[in-house]
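Engineer: The structure under discussion is supplied below as structure tokens; questions concerning it will follow.
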Amino acid sequence: MRPSAVAVALLSASRGCSAIALRGRPNTLLNTGTTPRSLLQNVVTWDEHSLFINGERLMIFSGEFHPFRLPVPSLWTDVLEKVKALGLNAVSIYIDWALLEGKPGEFRAEGVFDYDAFLSAAKQVGLYVITRPGPYINAEASGGGFPGWLQRVKGHLRTSDSDYLAATDNYASNIGKIIAKHQITNGGPVILYQPENEYSGAVGVTFPNADYMQYVEDQARKAGIVVPFVSNDASPGGHNAPGTGKGAVDIYGHDGYPLGFDCANPNTWPAGALPTNWHVTHESQSPSTPYTIPEFQGGSFDPWGGWGFDQCYELINHEQERVFYKNNYAAGVTILSLYMIFGGTNWGNLGHPGGYTSYDYAAPIKEDRTLTREKYSELKLEAQFLKVSPGYLTATPGNSSVTGVYSPSTSVSITPLIGTNGSFFVVRHTDYQSTESTSYTLNLPTSAGNIAIPQLRGSLTLGRRDSKIHVTDYPLGDYSLLYSTAEIFTWKKFEDRTVLIVYGGPSEQHELAVKSSAKRWKADSGLTVAAKNGSIVVNWQTTTERRIFQVDDLQVYIVDRNSAYNYWVPDISASSSVIVNGGYLIRSASVSKATLSLRGDFNGTSTIELIGVPKGVSSLTLNGAVLPHVKNAQGNWESTVRYAKPALPIPELAKLDWKYVDSLPEIKAGYDDSRWVTADHKTSNNTVQPLRTPTSLFASDYGFHTGALLYRGHFTASGSEKSLYISTQGGSAFGSSVWLNDTFLGSWTGTDASSAHNATYTLPNLAAGKPYVLTVLIDNMGLDENWVVGPDEMKHPRGILDYELTGSSDSAITWKITGNLGGEDYADKTRGPLNEGGLFVERQGYHLPDPPLRDFAPSGGPTSGLDKPGVAFYAAQLDLALPSETWDIPLSFVFENNTAKAGGAYRAWLYVNGFQFGRYVSNVGPQTVFPVPEGILNYKGSNWIGLAVWALESGGARVPGFTLQAANPVITGRDKVQVVDAPRWQVRRGAY
Ligand code: GAL
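For the sequence shown, the residue numbers in mature numbering (1 follows the signal peptide of the UniProt record, and there is no 0) are -19 to -1, 1 to 973.
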């Protein structure tokens, strides 16, 4: 049901909200529905420049994080703290409907899917949250977040077709209520809500469909959402921008992935990819709302057969951050979220077929939660700068392609953002792809007139693929910079002094001018200083040595960029911070009585320097233990954190006590499939694939939406059968194998380019009148996304599309089908609807901890392998005793990639304590290293590891090598990791 305008007005009244004018000029009237209505709350407001929270103007700088891609709730805080330490103040989250409503009408959001817990964790860490529950999310998730059962809905997805709309109601109201509870108006962290995602294009249906967008928005309002709606258009297209009538959102936003997703040539930046018109398009599309980019490229996905995330990391690296992020600031963005800040894992079949298990995304925080040095640190420099530069929020962006105005050099383009509280000049190479170093000078307007900079000596340099922000009339508490060519990391007004930290690239010449008429100052050697027109001008060439310039009680710390990477600025309270120089990660700082407590991580012996320790504080603790300190020459505290690598007893997997069970009993004589579902639907609701078989063999028609699919086709031979033609579809890189009784007919081993395959297999001579059975195993790689509205690509079926048995009629075959046990009545409510597929061992639950070893045989493990096509399952107990109270130890399971040793193409599913944490495809790749977090693994106890190995070729296959590897351990201050509580094996009633 759609709430009427009256209902919306009532909702507003019941919350006692009225439009309240706050500081600045926030909007009071929104035009989102058919009629303008009032703001539903007064905590989150905005004007054309930025958001306000409780009347305070601020930039929302966020990173995208999918809790569902890290199924260890006690680690959510770890990632959130790593996001916060960057200087970001928000995370943006998608919510994946497919994982929460595996069966229509049954919504479950508990345990590893507990958004209530996630939102509480974000609140506790002190980050705002932008929620994006879809219903459609894309996100490289199976079905783009749509549950498989939507394949049975006849209506067009993402339109106002009534059966589709009705299908979304239960999810929308349940997830809406959880989010509503955590809105900032209720003391929670949620500040914005994004209905739909990239509702930006369609083929063959009415578009834009205002009724649909309005319906999705009304669902949210009905569930109690009062925070503003934000959109995520796929490009600056203006869809659903305020003022466009029904279905419009409150704040218009669009995303951007200018460098694309092709990691093949990581050093090539394509020509013309830098957006230079975004400010202009924003002004024409949504001039009354803050410029918003709800997703900006923070990495890249990578498909099956792709190049691997290391290579994506080269493409979307710190240089991309410098040039492209700063280009966004040049366009005046004030609500910005990076996609992804932490990617995580497509565990348990949650990914779409266009991606493999890792969703590392080449993000600043890696899949194993380690921090990338360059990429994480560069982002930290930028975010911390914006955090202390409120003047940026109201500065007016100018033309971004101008040359020759602010610099005589036309090799650089400089975008001005002119403000009343500081102005900002964003410099980039005119040819943005340039890998050259360019020398330039500036001619900047300042309160002291136009100044040619540098004034004292030398010229400035813009290194390869670099961009810089120069400031003028920039306030620093009681001080002001007339200008600085060196970039600002942070500044803080402490009780006894103001500290400014500036940095430059290696060997660069820089100059800054402090407005001051002082006659005396202190300057370290290497700094050239002169008083000029009411300012003190400091000029230097950057070296790796820190130099300090002091005038009155302003101390300027001058460092090189690589040293600036080492600084952290944890907040002690809303109004005070301490600057920490050193450490791999400083998570937080707090003061209680006379003690300053830091929480942080260290990956080597380090000195930490604390700048701005509050008065009255006399002692220091790190991660709860007292850390002695001394005072250095600058009056800062210094301590040493010692790192001694602990012994890490990592078991050799080859030496575990492996057990084996055949996971393809289906091909044995006498196998009983009487409990299987009979595939007897004579029609299908599927609107994208016509039925070509007498009964539907589309898996979703029978409730099977995930993992391996098995078919059993019974027929009585006529004796004249010669061959079997079969068309199977499983999504990119899928494979399929076919047997007649126990005779192997053949396999499709898969390629990244094929999501379906037609094969004709020769049959042996069949005896007339005898019963035979075909067994078909198909790998469902996940359901397609549904990016474009209309074609309903998400409905591309999985399973058998067509077949023909020569010498027989198609209807002579009676088919049975299975996927995961129970289908939509899935067996494992804890690990969710997608985690297990239809393999025999999965149906029996043998992939869970404590499988019934009486059903297993002793085995040499996965390296012993199979000598013919089939599926073997290997299980072993893995005991760990790792010092995880104080150490973060990333562990990964690693497959040796060795075709010769493997002997044939194979696929493997890795289960860790019942969670499927890896799909390996030997002949497609590229992933061979599968990180598994602590919490899925018990680092202090027993674990069960399972590996299902599917050999597709006639000689069978063996896993050439399978090992557990630890990355460098890090001393950590994170909260203790709780092992996820999930069921162990129990007899599964009715399992077959
Ligand atoms: C965006 C989309 C996201 C994700 C991203 C690529 O267009 O909104 O869901 O798919 O592309 O990673």
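We put the CB at the ideal spot given by N, CA and C, even for glycine.
Can you pull the DSSP bridge partners for E817?
Structural biologist: Counting from 1 along the sequence shown, the entry for residue 817 is found at position 836. Paired residue(s): none; E817 is not in a bridge.
Engineer: Over the uninterrupted alpha helix (DSSP H) stretch that includes R145, give me the two end residues.
Structural biologist: Reading the sequence shown from its first residue, position 164 is the one you call residue 145. Position check: residue 145 holds Tyr in this sequence, whereas Arg was assumed. Where Y145 is concerned, the enclosing alpha helix (DSSP H) stretches over S143 to K162.
Engineer: Measure from the alpha carbon of S558 to the alpha carbon of each residue in Y692, P850, H828 and V369, then state which is nearest.
Structural biologist: Indexing the sequence shown from 1 puts residue 558 at position 577. Per the Cα distances, V369.
Engineer: Short check: CB of S873 to CB of Y887, under 9 Å?
Structural biologist: Position 892 of the sequence shown, counting from 1, holds the residue named residue 873. Position 906 of the sequence shown, counting from 1, holds the residue named residue 887. Against a cut-off of 9 Å, the Cβ pair of Y887 and S873 comes out as no contact.
Engineer: State the start and end residues of the unbroken beta strand (DSSP E) segment that holds V875.
Structural biologist: Here residue 875 refers to the residue found at position 894 of the sequence shown. Here the beta strand (DSSP E) through V875 covers L872 to F876.
Engineer: Restricting to Cα atoms, I'd like to know which of F685, E915, D291 and S388 is closest to L909.
Structural biologist: One-based indexing of the sequence shown puts residue 909 at position 928. Per the sequence presented here, residue 909 reads as Thr, with Leu not at that position. T909 has its Cα closest to that of D291, out of F685, E915, D291 and S388.
Engineer: Please look up how many angstroms separate the CB atoms of P551 and A570, rounded, as I've assumed it's under 8 Å.
Structural biologist: Position 570 of the sequence shown, counting from 1, holds the residue named residue 551. Position 589 of the sequence shown, counting from 1, holds the residue named residue 570. Indeed, because the Cβ distance is near 4 Å, the residues count as touching under 8 Å.
Engineer: Report yes if the CB atom of S181 is closer than 9 Å to the CB atom of G218, and no otherwise.
Structural biologist: Here residue 181 refers to the residue found at position 200 of the sequence shown. Here residue 218 refers to the residue found at position 237 of the sequence shown. Yes, they are a contact pair.
Engineer: Can you find the residues in the same chain that come closer than 7 Å, C-beta to C-beta, to L80, ignoring five residues on each side of it along the sequence?
Structural biologist: Counted from its first residue, the sequence shown places residue 80 at position 99. Within the same chain, L80 has close Cβ partners F49, F94, L331, G813, P814 and L815.
Engineer: Taking just the CA atoms, how far does A737 sit from L802?
Structural biologist: Here the question's residue 802 lines up with position 821 in the sequence shown. Here the question's residue 737 lines up with position 756 in the sequence shown. L802 and A737: Cα-Cα distance of roughly 24 Å.
Engineer: Please look up how many angstroms separate the CB atoms of I111 and S216, rounded, as I've assumed it's under 8 Å.
Structural biologist: Along the sequence shown, one-based indexing puts residue 111 at 130. Along the sequence shown, one-based indexing puts residue 216 at 235. About 19 Å; that fails the 8 Å criterion.
Engineer: Give the secondary structure of H695 by DSSP, where H, G and I count as helix, E and B as strand, and everything else as coil.
Structural biologist: Counted from its first residue, the sequence shown places residue 695 at position 714. Correct three-state label for H695: strand.
Engineer: Whether or not the stretch 759 to 777 and the stretch 113 to 132 are in contact is what I'm after, with contact meaning three or more pairs of Cβ atoms, one per stretch, closer than 8 Å; do they touch?
Structural biologist: Yes: the two stretches touch, three or more of their Cβ pairs being nearer than 8 Å.
Engineer: Quick one, are the C-beta atoms of W931 and G895 less than 9 Å apart?
Structural biologist: As a position in the sequence shown, residue 931 is number 950, starting the count at 1. As a position in the sequence shown, residue 895 is number 914, starting the count at 1. No, the Cβ-Cβ distance between W931 and G895 is not below 9 Å.
Engineer: At a cut-off of 8 Å, would you count I118 as near ligand 1, judging by its Cβ distance to the nearest heavy atom?
Structural biologist: Stepping through the sequence shown from its first residue, residue 118 is reached at position 137. Checking every heavy atom of ligand 1 against the Cβ of I118, one is found closer than 8 Å.
Engineer: Note down the Cα distance separating T687 from S713, rounded to an integer number of angstroms.
Structural biologist: As a working mapping, residue 687 is identified with position 706 in the sequence shown. As a working mapping, residue 713 is identified with position 732 in the sequence shown. Distance between the alpha carbons of T687 and S713 is about 14 Å.
Engineer: Quick check on A(-1): does DSSP put it in helix, strand or coil?
Structural biologist: On the sequence shown, residue -1 is found 19 positions in, with the first residue counted as 1. Any reading at A(-1) must be qualified, since the residue scores a pLDDT of 29, below 50, and its modelled position is unreliable; no value is offered.
Engineer: Compute the distance between the beta-carbons of A689 and G819, then report whether it is under 9 Å.
Structural biologist: The residue labelled residue 689 in the question sits at position 708 within the sequence shown. The residue labelled residue 819 in the question sits at position 838 within the sequence shown. Taking 9 Å as the Cβ cut-off, A689 and G819 qualify as a contacting pair.
Engineer: By DSSP, does S792 sit in helix, in strand, or in coil?
Structural biologist: The sequence position of residue 792 within the sequence shown is 811, counting from 1. Three-state DSSP puts S792 in a helix.
Engineer: Taking 8 Å as the cut-off, is the C-beta of D447 nearer than that to any heavy atom in ligand 1?
Structural biologist: Indexing the sequence shown from 1 puts residue 447 at position 466. Checking the Cβ of D447 against ligand 1 gives no.
Engineer: The beta strand (DSSP E) spanning S358 covers which residue range?
Structural biologist: Sequence index remark: in the sequence shown, residue 358 carries index 377 (1-based). From DSSP, S358 is part of no beta strand (DSSP E) but of the alpha helix (DSSP H) over R354 to K368.
Engineer: Roughly how many whole angstroms lie between the Cα atoms of I553 and V572?
Structural biologist: Residue numbering aside, residue 553 sits at position 572 when the sequence shown is read from its first letter. Residue numbering aside, residue 572 sits at position 591 when the sequence shown is read from its first letter. If you take the alpha carbons of I553 and V572, they lie about 7 Å apart.
Engineer: For V60, which three-state DSSP category applies?
Structural biologist: The sequence position of residue 60 within the sequence shown is 79, counting from 1. Three-state DSSP puts V60 in a helix.
Engineer: Run the proximity test for F94: is its beta-carbon closer than 8 Å to any non-hydrogen atom belonging to ligand 1?
Structural biologist: One-based indexing of the sequence shown puts residue 94 at position 113. No - ligand 1 has no heavy atom lying nearer than 8 Å to the Cβ of F94.
Engineer: Between T416 and L441, which are expected to be in contact by the criterion C-beta below 8 Å, what is the C-beta distance as a whole number of angstroms?
Structural biologist: In the sequence shown, the residue the question calls residue 416 occupies position 435. In the sequence shown, the residue the question calls residue 441 occupies position 460. Wrong, their Cβ atoms sit about 18 Å apart, outside the cutoff.
Engineer: With distance defined between alpha-carbon atoms, name the residue in S101, L21 and Q195 nearest to K227.
Structural biologist: Residue mapping note: residue 227 aligns to position 246 of the sequence shown, counting from 1. Comparing Cα-Cα distances from K227 to each of S101, L21 and Q195, the minimum goes to Q195.
Engineer: Three-state secondary structure (DSSP) at I631?
Structural biologist: Indexing the sequence shown from 1 puts residue 631 at position 650. Of the three classes helix, strand and coil, the one that applies to I631 here is coil, per DSSP.
Engineer: Check whether the Cβ atoms of L603 and W618 sit closer than 9 Å, and answer yes or no.
Structural biologist: The sequence position of residue 603 within the sequence shown is 622, counting from 1. The sequence position of residue 618 within the sequence shown is 637, counting from 1. Contact: no.
Engineer: Check whether the Cβ of A215 sits closer than 8 Å to any heavy atom of ligand 1, and report yes or no.
Structural biologist: Start at 1 with the first residue of the sequence shown, and residue 215 comes out as number 234. Answer for A215: yes, Cβ within range of ligand 1.
Engineer: Three or more C-beta pairs closer than 8 Å, one from the stretch 269 to 287 and one from the stretch 230 to 238: is that the case here?
Structural biologist: Touching, per the Cβ criterion.
Engineer: Which of the three DSSP states is assigned to R528 in this structure?
Structural biologist: Walking along the sequence shown from the start, residue 528 turns up at place 547. Strand.
Engineer: Considering only the beta carbon of each residue, do K63 and R350 sit closer than 9 Å?
Structural biologist: One-based indexing of the sequence shown puts residue 63 at position 82. One-based indexing of the sequence shown puts residue 350 at position 369. The answer is yes: Cβ separation under 9 Å.
Engineer: Determine the DSSP secondary structure at H260, reduced to helix, strand or coil.
Structural biologist: By 1-based counting over the sequence shown, the position of residue 260 is 279. It is helical.
Engineer: Going by C-alpha distance, which of S73, N722 and N562 is nearest A748?
Structural biologist: Locating residue 748 in the sequence shown gives position 767, where the first residue counts as 1. Comparing Cα-Cα distances from A748 to each of S73, N722 and N562, the minimum goes to N722.
Engineer: Should F242 be listed as close to ligand 1, given that the test is whether its C-beta is under 8 Å from any heavy atom?
Structural biologist: Working through the sequence shown from its first residue, we reach residue 242 at position 261. Yes, since a heavy atom of ligand 1 falls inside the 8 Å radius drawn around the Cβ of F242.
Engineer: Verify whether the separation of the beta carbon atoms of R527 and Q490 is less than 9 Å.
Structural biologist: Residue mapping note: residue 527 aligns to position 546 of the sequence shown, counting from 1. Residue mapping note: residue 490 aligns to position 509 of the sequence shown, counting from 1. It is not a contact, given that the beta carbons lie outside the stated cut-off.
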